[in-house]
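Convert by adding 2 to the 1-based position in the sequence shown; the result is the number in our numbering. Beta carbons are placed, not taken as given, at the ideal position from N, Cα and C, and that holds for glycine. Nothing here was measured: the structure is a model prediction, and the numbers come from that model. Note sheet for the following structure.
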Amino acid sequence: MYLLMLALGLVVGYMFLFVRSLNGPGGYKSFECGMSRLMVKGSYFSLRFFMLCLLFLLMDLELVLLVYSPILVSVKVECMVVFSLILWVFVLGTIWEWWIGSIDWSL
Numbered sequence: 003m004y005l006l007m008l009a010l011g012l013v014v015g016y017m018f019l020f021v022r023s024l025n026g027p028g029g030y031k032s033f034e035c036g037m038s039r040l041m042v043k044g045s046y047f048s049l050r051f052f053m054l055c056l057l058f059l060l061m062d063l064e065l066v067l068l069v070y071s072p073i074l075v076s077v078k079v080e081c082m083v084v085f086s087l088i089l090w091v092f093v094l095g096t097i098w099e100w101w102i103g104s105i106d107w108s109l
């Protein structure tokens with residue numbers, strides 16, 4: 003019993019002396035992506051970069067649809083009409099974003 007109390011006392015003493023407190027600076031703060039949240043309270047998210055990424059994803063989707071266009075023409079006319087409508091929505095959306103100035107290459 004004496005050895006158990008001695009071991010428990012040593013563990014508690016070690017924790018008080020050598021373990022860093024969680025209440026200290028940055029103890030309960032989040033740490034994500036290599037950036038400490040103690041530095042800046044703002045956001046690191048760029049909305050312009052996000053919009054450009056979405057635009058490139060839509061352009062990639064258009065290219066995937068263009069690859070399958072010869073197959074759709076040979077299957078049915080209705081499939082080609084639906085494909086053409088989707089493609090025109092993408093093209094008109096891109097033109098509209100360009101017209102309102104959402105597509106700006108200077109980040």
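Own chain, CB closer than 8 Å to residue i, minus 5 neighbours either side, in chain order
i     : result
LEU89 : GLU64, LEU67, LEU68
GLY95 : LEU60
Residue from the options with nearest C-alpha to residue i
i     : options                   : result
PHE58 : PHE92, LEU6, LEU10, PHE18 : PHE92
LEU56 : ILE105, LEU5, VAL14       : ILE105
GLU99 : SER48, LEU54, MET3        : LEU54
Discussion item. If we require 4 or more residues per run, which alpha helix (DSSP H) segments fall completely within the region 49 to 106?
Written reply: For the region 49 to 106, whole alpha helix (DSSP H) runs of length 4 or above, ordered along the chain, are 49 to 69, 71 to 77, 79 to 102.
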